[in-house]
Structures are given as C-alpha cells and as structure tokens.
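Protein chains in written order, with the working numbering: chain A, 11 to 433; chain B, 11 to 433; chain C, 11 to 433; chain D, 11 to 433.
There are 4 protein chains.
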Amino acid sequence: MSQSLIERYLTTRQQSVQFCEPLAVEDHGLQAAEFVSPPKWHLAHTTWFFETFILKPFAAGYQPLDPRYEYLFNSYYNGVGPQFPRAQRGLLSRPTVKEVIEYRQHVDEAMLRLLRNPELPEVETVMQRCTLGIEHEMQHQELFFTDLKYSLFINPLCPTYSATKTPADQAPITLTWLEFPGGLHEIGHAGDSFAFDNETPRHKVYVEPYLLANRLVTNGEYQAFIDDGGYERPDLWLADGWQTRQRHNWQAPHYWLQQDGEPLEYTLHGLRRRNALQPVCHISGYEADAYARWADARLPTEQEWELSAATFSGQQAITGQGPACGCFHPSTAIAADGLLQLYSDCWQWTQSAYSPYPGFRPAAGAIGEYNGKFMSNQWVLRGGSCVSQPAQLRPSYRNFFYPADRWQFSGLRLAKTPGQIQG
Amino acid sequence: MSQSLIERYLTTRQQSVQFCEPLAVEDHGLQAAEFVSPPKWHLAHTTWFFETFILKPFAAGYQPLDPRYEYLFNSYYNGVGPQFPRAQRGLLSRPTVKEVIEYRQHVDEAMLRLLRNPELPEVETVMQRCTLGIEHEMQHQELFFTDLKYSLFINPLCPTYSATKTPADQAPITLTWLEFPGGLHEIGHAGDSFAFDNETPRHKVYVEPYLLANRLVTNGEYQAFIDDGGYERPDLWLADGWQTRQRHNWQAPHYWLQQDGEPLEYTLHGLRRRNALQPVCHISGYEADAYARWADARLPTEQEWELSAATFSGQQAITGQGPACGCFHPSTAIAADGLLQLYSDCWQWTQSAYSPYPGFRPAAGAIGEYNGKFMSNQWVLRGGSCVSQPAQLRPSYRNFFYPADRWQFSGLRLAKTPGQIQG
Amino acid sequence: MSQSLIERYLTTRQQSVQFCEPLAVEDHGLQAAEFVSPPKWHLAHTTWFFETFILKPFAAGYQPLDPRYEYLFNSYYNGVGPQFPRAQRGLLSRPTVKEVIEYRQHVDEAMLRLLRNPELPEVETVMQRCTLGIEHEMQHQELFFTDLKYSLFINPLCPTYSATKTPADQAPITLTWLEFPGGLHEIGHAGDSFAFDNETPRHKVYVEPYLLANRLVTNGEYQAFIDDGGYERPDLWLADGWQTRQRHNWQAPHYWLQQDGEPLEYTLHGLRRRNALQPVCHISGYEADAYARWADARLPTEQEWELSAATFSGQQAITGQGPACGCFHPSTAIAADGLLQLYSDCWQWTQSAYSPYPGFRPAAGAIGEYNGKFMSNQWVLRGGSCVSQPAQLRPSYRNFFYPADRWQFSGLRLAKTPGQIQG
Amino acid sequence: MSQSLIERYLTTRQQSVQFCEPLAVEDHGLQAAEFVSPPKWHLAHTTWFFETFILKPFAAGYQPLDPRYEYLFNSYYNGVGPQFPRAQRGLLSRPTVKEVIEYRQHVDEAMLRLLRNPELPEVETVMQRCTLGIEHEMQHQELFFTDLKYSLFINPLCPTYSATKTPADQAPITLTWLEFPGGLHEIGHAGDSFAFDNETPRHKVYVEPYLLANRLVTNGEYQAFIDDGGYERPDLWLADGWQTRQRHNWQAPHYWLQQDGEPLEYTLHGLRRRNALQPVCHISGYEADAYARWADARLPTEQEWELSAATFSGQQAITGQGPACGCFHPSTAIAADGLLQLYSDCWQWTQSAYSPYPGFRPAAGAIGEYNGKFMSNQWVLRGGSCVSQPAQLRPSYRNFFYPADRWQFSGLRLAKTPGQIQG
C-alpha cells in the first residue's frame, strides 16, 4: 500500500484529535441543535466510517471494540442499518471521551495492520475507500468547527475556543466586476485525482456571458442593506425566504450582537468588535439572495462560479492554510488581481439547486448514500472557508446546504448579467 | 379593445361560476388544509385580481363594493398589502356565496365598462393585464378542482362532485422508449402569444442524448412497485423524500383506499374501483423519483421534456377538452405513435428544481410577485392534466410544486440516459 | 309518558333550530378551533344523543336515517364507538343544513312515537334518559352561542348575530363584602328534581368563615388591573398561568380590541364600545386568579360559592331569561341586597379543581362518560351566564373548563378570608 | 448560630457532591428532557439558592464568584430576575464540573463565615432561610437521582449508576384493607419543627369512612392489568389520561422493557429482570387512576392518606435510609401489621389536585415562589421513595407533579369507600 496514503491517514487522524485539545471534557458532548453534532460524536463517527466500510468487509478476523457502536455512530447509512436518533447525540455521555479515544486507537491499529499487509486482496478498493475515509474525516473536521461554534454560542459565557490573534486589517478593496464570456464549456471533475462522486461526470454546459465580483460582500456592505430596511422588505426576498425570516425573526446574520450600542460578533476567538471590511458570514442562502437583489445583482450559478474559478486556478494557488493555522474567522481581502477570496474565507452561495450532473451515478451499496440521496431542496455553495481543509478545495468541489442554513461559514459573491439592470 | 379579449373575459368568468354549480352552499367554504382554498375564495380572489391590478389603477372613479375585500382576498401580494391568514380562509363564512357573486358582478360590470371604453388610456397595459387576469383565473379553475377534491375527501360520506361516466377502457399499451438526440437547443417561450414570465427568456441549453417513455406510468405498474416493497426501502428514496414518507406514513398514492380487499380510489366522480391501466396520479415528486429509481430509470429534466414535447406539438394537437368536458380523472392511453398523454391526464414531475431562466426578470411592482418569488425548493412539472384548461397548455408551460405535494393531478413519465443502466 | 316531558322535549328541540335562524347557511359550518363546534354539528349531535341512547336501545324497529351518522356525530363516547376527528367537524359540508334538519325531524318523529306509546316498557329509564337528553341539548344551546361567537370573531368583517339593543346602563354599585360563617355544612344536589351526576352525592364539608363580594368584577376594575401592569407581573400569576399568558401573549380579555384609541369589545350584537360597569367576561381562570391576587383577595372555593348561593336561592329567584330574551351579553348589576349577578351574567371561576364528590359514581355504560371522565385538570365555575338556559341553573350546578379557557362567558366574583390580608 | 444547623448544612452539602462521585465528567451535563436537569446544574442551583437568599442580602461585603451565575442558575424565581432557558441547561458545558465545585466552595466558605458570626443581625431569618436551603438541597438530591435515571436511560448502553446489590426478596404479602373512620379531623403541619409552607395552616377537614390497602400495588398485579387490556380500554381512563396515553403510545410503566421475551426493567443498578413482588413504579397519575378503576377501587385523597399515616407514625418509624444506603430501587414489602411501604419505596399518587389549604399564604418576595405558584394542574403524591431523604418525610409532606409525569419514583396505594362497589 502506498506510503503516502498511510501518512495522510495518520496525519488526518491525529489532526482530528488535536483540534479537540483546547476543549474541556464537558464540551465534547455539546449539541445545541439537531443539525449539529457533538465533538465526541465526530471523533467516533469518522472512526466508524473506516471500521464499517474497510475493516468489517476487508480485514479478516477484525473484532469490533464494541458491537453496539455500529448503531450509535451510524450517521445516515440506511444500507448499514438503523441509526441512533440524530437529535439525541448530545445525550450519549457514554462512551466517554477517553473511551472514544480508545475506540479510535483500536481502529487505527487495525487499519495500519491492514494497510501494511503486503498481501492484501482487493487492494484497489481498499485504497479508494481509505482515501474516501480520509476525505470524509476532513469534511468532519470542518463540521467540528462549525458545530462547536454553534453550540458554544448558546452559552451566555461566550466561551473562547482559541485565543490566537487574527491578522491585522488590510486597506479596503473596491468591488469591481470581472467579465466572463459565454459559450459551450465543460465543468465537473476531470483527471485521476480524488473527487467526490457528485463532481462527476464532467459534462458540457452552455452559459451566457456574465460578470462576477472580484471579492466577497463585506460586513460593512451588509450593514448598509440592513440599514436600508433589507430585513423588512418582502419584495427583496424569495417567498420561502421571507417566511423563514418571519418564523425566526432574523434581523442580522447569525452571531451578530449589539451590546451597549457596539456592533459585536461571536467568533471562535470569542466575542469581539465586528469588522466592516471582513466578509459577511453565517448568512442563509435566502439572505444572500435578498442582498443580491437589493444590490441590483444576483447570485452566480454554480456553473459560472466553477468556470471562473478554473480560469484562475492556474494563476492563483489555493494558498489558505485552513484551520491548522489557528485562525478561525474569514479575513479581509488582500489587494490583488483576479477573483479574490475564492477558497479561504467563506463558502459562497450560488443560485443553483443541488442536483445530479447528467449521467451521474452514485456508488453501489451503502457507500452510495454519501452524496446522492441529498440531491433535493439544497443549494450549492462553492469555494471553501477558513475552517475548510485546503487539501479538499478545488474549482469543482460542490458543497450543499439548505437555503435556510446559517451555521456554516457562508457568505456571498455577487454576479450580474451584462447589459442588464437587475430587478 | 379587442372583441375577442372581451369574449374570453366573459367566457372565463362564467365558467368559474358554472364549475361551482354542482356544489351545495356549504361546500363553498371548505378548506381542509392550509395549501388548499375554498371554492368561494377562488371566486372572490380571481375577482380581486382584476379589481386590484386593473380597476383600481386604470378605471377612473371606480368604487370598490367593500374596501375590506382588498385584505380578505389578497393571496400573497405583499406589494398590495397584508393578507388575511391563508390557513383561515375556510373560516370566512361572510361574505356569503351570494355576496361573492354580487362582488363578481360588480367587478364584471366595471371591467366591461373599462374594456369597452374607446378612449381608454394605456390600453396596451390594460389588455396585457386583462389577459393575465384571464390566465390567472383559468389557473384557479384548475386549483378549484384539485382543492375541492382534497377537501371533500376528508368527509367519510365521500361526496360526489359529478356523476358523469368516465370513458370505457382502452387496450393496454406497451411502454416503449423514444430516443432523442443531444446537442445545443433552445427552450422557453418564443413569439408574440401569451406566456407567463417564468417561461422566458428563450435561451440555449446543451443536453445529452436521452430516452423518454411513450406514455405515463400506470396504476398497475405502480402497484408492482408497492408490492415490491417500494415504500419500505429507503435506498430507493431521496433523503428528504424518505423522511417525508416516514412523517406521513405514506403507503400508496393519495386517494387510494382498500375496502374489504378491494382496491378503491376516490375521484370527483365518487369512490370507485381502481383501474390498473389508468395513469397513477396524486403522487409526490419524491414518490415519482423513487418509482423511477426502482424502475431502473429516472425523471426527465424539464429541458428534455420541453424539447421532446415541442417536437411533437406540430404533429399532436393538444386535444384534451379539459374540465369543460365533464371528465375529472385521467384516462388510459389511446394507441398512437409518439409521446402520448402529454397534456390531458396528469402533470409530469421532472427532476428540475424550479429556478429562473438565464436573464429572467419579473415584472416591476406587486404583479411581479406572480411567479418569480417562488423560485426555490419547488420542482417543475410539465404537461397538463384532466382538470387543466387546454388553452393554457403548451410545451414551454412550467408548473411548479413542492416535491412533497400530492394533491395536484401529478403522475410521471420515465426517462433514461442511453447506454446506461441506472443505479 | 308525562305530557310535560313531551312538551319540554318539543320546546327544547324547536329552540335549538330557532337559535340558528339568524345565521347564513355558510355560518353553520364554522369551526375556528378544535374546542368549538359548528352550529350544524350541535344540531346533529344533540339529535344523535336521543337516537343513540333512547331510540336504538328502546324503540323497536327504529331505522336510522343514515347509519354513518353514528360515527360522524359521536362527540366523545368511546363506549359507543370511534369518533370523527373533533378538529375536523367544520369540514363536514355534508350532510347539508337541510339534511341535518331532516335528520332532526326523523328522530323527533320516532321520539314522539316512542314517548306517546302507552305500552312502552322500561318507561322509567326512557324518561330519565329523555330528561338527560333535554338537559344535554340545553347545554349545547349554550355552547352554540359561545362557539359561534368565537368563530365569527375570526372574521375581520365582525359579523353580527343579533341587532337587538342591550338594556340601558344602571348606576354603579359599590363592591361590598358579605360575611358567611364557617362550620360543617352540606353541599350537593338533594331531592328528586333533575341534577347531573357530578352534583351528587350530597355530602358534608367543613369550611372556615369567608367573605364574598356582592357583585362581579367589572370591566372598569379589570382595566385598572391592566393599567397597573397586571399582565406584566409574574408574581401575580400561577406558574402555569404565566406560561400560558406568555405563549398566547395575552394582554386583555378575549374580544377586547382597541381601535383608534377607543376601547371596543366584540359581542354577538357586533363590535361596540366597552362598558366599564359591565362585568368583565371571557377571562381564563388564570387571569381571574391573577386579578384576585392583585386585588388582595382570592377566588372562592366551589363549596363557599354553593353554600352562599343556596342561602340566597329562596330569597333571590333565578330570574334571568337566558338567550331566549335576545340579549347575549352580561349586564351591569342592578342595585339590591344580597349576592348579585349569581346566574344571569357570567360564570364565576372558583379555585376548586373539578373532582368527584366523596362516593361519586357515574352511570354504567357509555352514558357514564357524560361527566366523570373529565375530572382532571379542569376548574369548577359556578352560577350561569347570559347564554345559559335558566332552567338548568341552581346552586349545586357544576360547570367546568380548563383554567386556560376563555371562550365561555366567564368572569369572577372575589372572595376573602376574614381577618387576613391576602398575599 | 446553632451548631447542629451548621452540621446539617455541611452534611447536606457534602452529600450532594458524594452522590455525584460515581459519575463520569460527561454525565454531569446530561439533560434528556426539559423537565429534568443535569447533575451539574443541581450542584450549582442549590448553591445559588444560598447565595441568592442568604449571602447577597445578609452577608455584608459578599462578592459573588461570577455575577453571571445569578442568571445561569436561577430556576424559576421571577422575583430574582430572568432565567437561562430551562430546556437548554444541558448545553452549559461551562462552567465545568471543576468550576462548579469551586463555586460550591466559594459559597460554603462565605456561608460558614456568616453562620459562625456571633454578631450576625437578623439571625432568626438567616437560620430559617438556611434551614430552607438545606431542605431545598435535599429535595434536589432526590431530583438528582430521578433526573439522572431518566437521562441515562436514553443511552442504549444502559449505563449503571451503582453496582450495589439489592436486598433479597421477601415472601409475598396479601393485599388487605385497613378501615378508617370518617369524621371531622385535622390535617396539616403542627408544631415548631420545619415544614414547607404548603403543609400549612393546619385545618379541619371532614372525611367519610374509608379503606386503604396495607401495601403498594406490585409489578405482578400491574402486569395483570396490562394483560387484561388495561392500556386498550378507554373506559378505564380519565379523558385527559387516555389522550396522553394515545399521544405517547404508553403500553407499560416507564423503564419497562421486553427483550427476547424476558421482562426487564431499567434501574440505577442497571438493566435487570423485573420483580413481580416489588411495587410498580414510574407510572403516571393517569395510569394509577386507571389501574384503581380496573381494580374496583380508587386513589386515596390526600386527606385520607395523611390521616391514616399520622395514625401509624407513632407506631411505625420512618426507617428508610434513603439513597445514602446505596439502594436506588423500591423494595418488596416486609410482613408487618399496619400500613406498609409508606415512605421508603414509591411516592403514592392521590386523587387530590394540588391546591392551597384554607388560609394558606406564601412568604413575601421571591422566596414565596417556592411552592405556591405551582398550585394548579398538578396532583398531590404522598409518602416518599427510595431516593428521598428520610429526614424530609412526614405525614403532612405534600409532593406534587403533573398527572402525566412518570419519571419520579411514583407508584400507588389503593383506597375504597366501604359498602360501595366502585364503578
């Protein structure tokens, strides 16, 4: 088995544990909403993935540490069996953190024995699944941060995950429009490198000419939308969006607070003054769409985003360091040409519903439930965020959430159709 | 003003009232769910549309019969003002049916005075809005039937709307696959005739080659899906679909019953034996999608559907007579070449999320709320049904409902990608 | 069979229909909440009661008009069989009003045949049940008014049930306290006249000395409670009451409105100016309790109320004419000695939970479900209201509703313990 | 200050911490329903009680450890201020367990300084409040066990709190009926010893003669009720009880399980075989009431229970050792004369609604919210349970819960009216 795969396995597995180091034992069980999971559950479920899809089918004689974990840590794989109710994951005080770490070690040892076995049959499949397991764990590392932030924020003590200072501010950068030609193009993943099944097959699309903003919308710009009554004008909103805004009484992005007249924002570095130049973050797709309408623009389609990002991918490396660098909040744009803030700050809502590419086929069996069965009612987000693993980001990567979701690091980049004043 | 427009106005207005004739006064107030409206409310709201968008802005000196109706019968136009809560429409015993008919007459008289005024200013806009008002009322005539059916079904007495016999059965027709080439094509409304804004602008799309079934899926075929455990196998369903199926405990299409071992179906002609050759109807998009996956096929995209339907539109007239013919249930397919059952039986779920065409722009003002603001979370249905007004049906017409909705006359036509066995 | 019973039967049956005369056909189906029933349903269910408990068991050869009505119009008698869902009674457009009247006639004819049969076996039981059926129908006549008022109020047109003028105002009457001695007394129904089972058996109770207010609390006094922040001070409320007040955001009694600074009140005579001297009405038990605490008093127990009312029953006749007089709103008190407004204005909340008297035993069979099974979580109200049938009112009558209910004509009379300043 | 009070303070405070010793850190945050609280919250709230009601008003110069705890650990005292939402107590990972222990130490030190201050002004009030705080903490020790059991049971791993063996079985004891005379008696707390305000004032009540069962209903007897269709017969249930049973689909007491045909029960000692001779436990008031009706008996009133228990209190000491003995489950009755199992096994549902005694007055200020504001919709339970502190138990003690509650150690003792066959 490839030595680099084993190394990537070990690095990723260690990093998940390292990300939990600043936590109190008590924090590991936090689950403030059905859609988030406790840190401990992420640690266990990513382990379950390797155990279920690699060790049980391919490691002869493998003995699970506790057979009941198959049920406890199954997320949504009906093909594997029933699942412990999602909304109650925070109620699993046992296994304890220590026992989950032992579970990880148990699985890691068996995985390493397997991966180092020179006579492993079906080595191709095992390598593919191991790669998928690593990518899966990196996705959960990102979810660890978004979920933890959401759960800690419930606490009036506003606990701080990291005391690290965030970088000093840059000079403001004017929003400019980059023009892209229309025509028949190809999108989707190409080549031999890893990609999720939902990025395939690569296929032709026809797009009209379009414009994209060079950078993300900032907190300051978003404040102007609020000040102009953006949250009080149903004409700016999709019907479902307006209903959602009413139900939750949204008045601002999640994590925005006002204390004694001061504009604050909760971050993983604690509660702090809101920075007008940083990208607006933690907005739903509905808010992104309403802002765009207010700004006489629109959200890009995922095709437009990918085609443009691909253009710049040669020239602009995906340089963000991700959560490993210790900064867990989007940064202000740095002066440069081209499309800025593609991958390292906020996911960017598109107007595209998440649906299968022409000819898309999920894998057979339970593992095919990974992406395909979610292809309804969600919207595609493109790019990446400050808590994404940079190794996962590429022009063709498709992230997806419900348009009402706000707990991801989600912002927006504006688009326009040339020669048209948007309604 | 064009005499034919006036005639279409009168015909449509009369037909709405005629459709109510078989009802008891008591039936006019029925509202069995938030998403359906009482017959009386349809009669009033369609009148409100002409009053609000034509009489108030264009008929000098127009006096409303009752100024409070502006609020009572506003459906969802925030630009006009607040709305009486949708879920409580069935609680408006006043105005009575008789008073609503008087309201209709009041508005009709004012409309005719306006339309016959030879010196009407802004005649172009008035004609456009009058045409839209007529189309709007025809859409509500269809909703009248779907809503009424839903509400009557709550009653264990199973009231019958119409005693008319339905046509005798045809011989069964084998499902065959029609091949369509891929390539760069155009879809969307073209020409000067009326179309809704959401059918525009006409634009280029690239499609891969595809196959469409010659006819709709039948009750008999759908029964085989049920018998094969279709409602018990989550692997066949989208995740949101499965959750919806669990929440409502769906076991079969809406209106299917089993009594003393006999398969029954509630129709507007009363409770009757289910016909295996008739198209399956009143299924959600989720069920359509699950059936297609079970049948080793998929739902068509709306682009595929429109391109194929357009091919056959010259050759196959839209011959259905609609509800005026007295038949309120889909029929078995009649032997013929080409794509059968396009417009007269069941709406056909597509896999396409309802979203704006490239360059789409809704009208300015409240009237722009007609279609555009619903472009999220819904799926496109194409074709038409036995209770649609044939005058409204065309290849480019886009109907849209949430994938969980089942109270429309919604069925499905299968699609395939050539050379691929579907997962 | 006693001629007077037959006459009471006929009078009561006719009165139910007469009370519906001012209604539009459309009003007969109104049901604005699960806890109210449509007028038509009251007409049918009271008929069902005679059919189920008298005709079916005792009228040889009786043929029901429609066997399905047994299910449709069963309220809550599990011993009879399952019930059509209560929340959907308003969705039964069929049988129509006309058909329900025919149902009434069908049952009336059979009842008269039975009652006039000189050789009727089990005549004692039939007479008892017929009396119960008449009392039952009178209770539903009262519910007809309370339910109708609730449902009509949903309509922004504020429909008027009756145009009758209400009597002119009296001079204000000072609230004074009447003293009653403690000791060992008896309460509960005594004698041969009709009473509901929950008024029996008569039994001994020991009470401490107490004071009762001579009249009910007025709108003006209640306004002072509101002005003093009564709805904003949790210390005045029971915990469940405060939670209920928060959930529904109560700010005033049901039916109170403020329009252009004017204090209004919806009544069955239409929307009109609120009268400060009339008794406050349509308050929950929680509000009554909070008011009493604010007023340095308390609610009476049902024992106290009954003992005092019995003292005055010789001297003060139950003179109210009830709904037959055409006045459907409580009146201001008229100067007199003793306990005023006992029976003809508002039901009076007591602090007593509705529970069985010592030795209480409900009747055997389904008819035993009449009262006994509701003996939890409800509070007893005593007296009577402007829409009660005077023939039903007496010191021992126990009305009962949940402390959160506000749609009955419910007000309050204060009580005190002598020599004690209430908390 | 009395040395014995200081000792009781210290003992009680230590015991709360000792009861947590078998827990994992992770268990301290468990909250499986809004109505239970996490262990850590109990530790903090009992501390808050001393801080709020004694230290802040009486300890000159007292500095709180963290001023935000006033809000975080306020349970329901509106007079103190707003409260952190009850349903989210389990989401407070901070303060950590260690920090809560430090909070306890901080308050304990200040309390001891205060109690030992020979010149303390208002010493009488401080002693009263200190006594109340100790009694309050003992009540929370009991809640600690009931809440913990409820929350641990969510976990499919069925964690064990204590491995202690439970005592061996006794021989079965026949249920016999003890007769008690009626007449005018007194109930309520008398004398100078501590009692809660809701046990006062002592007052006269008149009761009819009655019978009480010598012991509690057993698991075996309750099984017979189930086997006889007790959960399927609405005629046995109160209407609200039946609705509750339907909503939750109750089929047996909480914690009863069936595995591979074996009757099991979850206890704080783990999952184990159900014992037919032990008292049935964890049933709602509705179930207790339905069982009693099935058994041709009834629930006792709280007056009957107290009068009888008082009779036996001289003769039968309250000998239970409570949770300190390490047994956390009710035991089988031991052969003896008189009323068995009064205090040490299960709380006993009465038919009495929880309401104020004649002349009851809560204390002034926030501390008056302790008991009085809950006097609606709850039922009184009498006696005590295996997890109650024996020091708190006496004939006049009134426990109260909603009749739908099942997570307390609640069982039932039958009552009868002599000479009457119950309905």
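Ideal Cβ positions, reconstructed from N, Cα and C, are used throughout, including at glycine.
Computed from a prediction, not measured in an experiment: that's the story for all the values here.
Name the chain C residues that come within less than 7 angstroms of residue i, Cβ to Cβ?
i, result
"serine 365 of chain D", "Gln361, Ala363"
"tyrosine 160 of chain B", "Under the 7 angstroms cutoff, chain C gives no residues; its nearest Cβ is about 10 angstroms from tyrosine 160 of chain B."
"valine 215 of chain D", "Tyr216"
Give a yes or no on whether the C-beta atoms belonging to residue i and residue j are separated by under 7 angstroms.
i, j, result
"arginine 96 of chain B", "glutamate 61 of chain B", "no"
"phenylalanine 94 of chain C", "tyrosine 113 of chain C", "no"
"phenylalanine 83 of chain C", "alanine 120 of chain C", "no"
"histidine 38 of chain B", "leucine 75 of chain B", "no"
"glutamine 98 of chain A", "isoleucine 111 of chain D", "no"
"proline 368 of chain C", "glutamate 218 of chain D", "yes"
"cysteine 356 of chain B", "phenylalanine 419 of chain B", "yes"
"glycine 442 of chain D", "leucine 101 of chain D", "A query on residue 442 of chain D cannot be resolved here, the shown segment of chain D reaching from 11 to 433 and no further."
"serine 406 of chain D", "glutamate 209 of chain D", "yes"
"methionine 148 of chain A", "glutamine 402 of chain A", "yes"
"histidine 339 of chain D", "arginine 416 of chain D", "no"
"valine 35 of chain A", "aspartate 157 of chain A", "no"
"tyrosine 232 of chain A", "isoleucine 144 of chain A", "no"
Please report the Cβ distance between residue i and residue j, rounded to the nearest whole angstrom; I am assuming they are in contact, meaning their Cβ atoms lie under 8 angstroms.
i, j, result
"asparagine 59 of chain B", "histidine 199 of chain B", "Strictly speaking, residue 59 of chain B in this sequence is phenylalanine, with asparagine absent from that position. In fact, because the Cβ distance is near 22 angstroms, the residues do not count as touching under 8 angstroms."
"alanine 307 of chain D", "lysine 426 of chain D", "5 angstroms"
"tyrosine 296 of chain A", "arginine 243 of chain A", "Going by Cβ atoms, the distance from tyrosine 296 of chain A to arginine 243 of chain A rounds to 13 angstroms, so no, they are not a contact pair."
"leucine 332 of chain C", "serine 398 of chain C", "Residue 332 of chain C is actually glycine in this sequence, not leucine. The pair is a contact, with the Cβ atoms about 6 angstroms apart (cut-off 8 angstroms)."
"glutamine 261 of chain D", "tyrosine 241 of chain D", "5 angstroms"
"tryptophan 359 of chain B", "leucine 309 of chain B", "6 angstroms"
"tryptophan 266 of chain B", "arginine 284 of chain B", "7 angstroms"
Could you tell me which chain C residues have their CB closer than 8 angstroms to the CB of residue i, listed as they occur along the chain?
i, result
"phenylalanine 94 of chain B", "Pro166"
Residue i versus chain A: which residues are under 8 angstroms apart at the beta carbon?
i, result
"alanine 54 of chain D", "The contacting residues do not exist; alanine 54 of chain D stays about 13 angstroms from chain A at best."
Taking Cβ-Cβ distances shorter than 9 angstroms, what residues in chain C pair up with residue i?
i, result
"proline 169 of chain B", "Ser103, Arg104"
"proline 310 of chain D", "Here the premise fails: no neighbours, minimum Cβ distance about 12 angstroms."
Residues of chain D with CB under 8 angstroms from residue i, in chain order?
i, result
"glutamine 98 of chain A", "Ala42, Ile164"
In chain B, which residues lie with their C-beta within 9 angstroms of the C-beta of residue i?
i, result
"proline 244 of chain A", "Asn88, Gly89, Glu379, Lys383"
Which residues in chain D sit within 7 angstroms of residue i, going by Cβ to Cβ distance?
i, result
"valine 35 of chain A", "Val35, Glu36"
What does residue i reach in chain A if we use C-beta pairs closer than 9 angstroms?
i, result
"aspartate 250 of chain B", "Lys383, Phe384, Ser386, Asn387, Gln388"
For a contact defined as C-beta to C-beta under 8 angstroms, what are the partners of residue i on chain B?
i, result
"arginine 78 of chain C", "Pro166, Leu167"
Could you list the residues in the stretch 256 to 282 of chain B with a C-beta less than 9 angstroms from some C-beta on chain C, going in chain order? Result list empty, no residue passes.
What are the residues of the stretch 178 to 203 of chain A that lie near chain B, defined by any Cβ-Cβ distance shorter than 8 angstroms? Answer set for the stretch 178 to 203 of chain A: Leu194.
In the stretch 181 to 212 of chain D, which residue ranges form an unbroken alpha helix (DSSP H) of at least 4 residues, counting only runs that do not cross its ends? Scanning the stretch 181 to 212 of chain D from its first residue to its last, no whole alpha helix (DSSP H) run of 4-plus residues comes out.
Which runs of the alpha helix (DSSP H) spanning at least 4 residues fall entirely within the stretch 93 to 167 of chain A, listed in chain order? For the stretch 93 to 167 of chain A, whole alpha helix (DSSP H) runs of length 4 or above, ordered along the chain, are 107 to 125, 133 to 162.
I'd like the ranges of any beta strand (DSSP E) spanning at least 3 consecutive residues and lying wholly in the stretch 301 to 359 of chain B. Counting only unbroken stretches of 3 or more residues, no beta strand (DSSP E) element lies wholly within the stretch 301 to 359 of chain B.
What are the residues in the stretch 391 to 415 of chain D lying within 7 angstroms of chain C by C-beta distance? Within the stretch 391 to 415 of chain D, the qualifying residues are Pro413.
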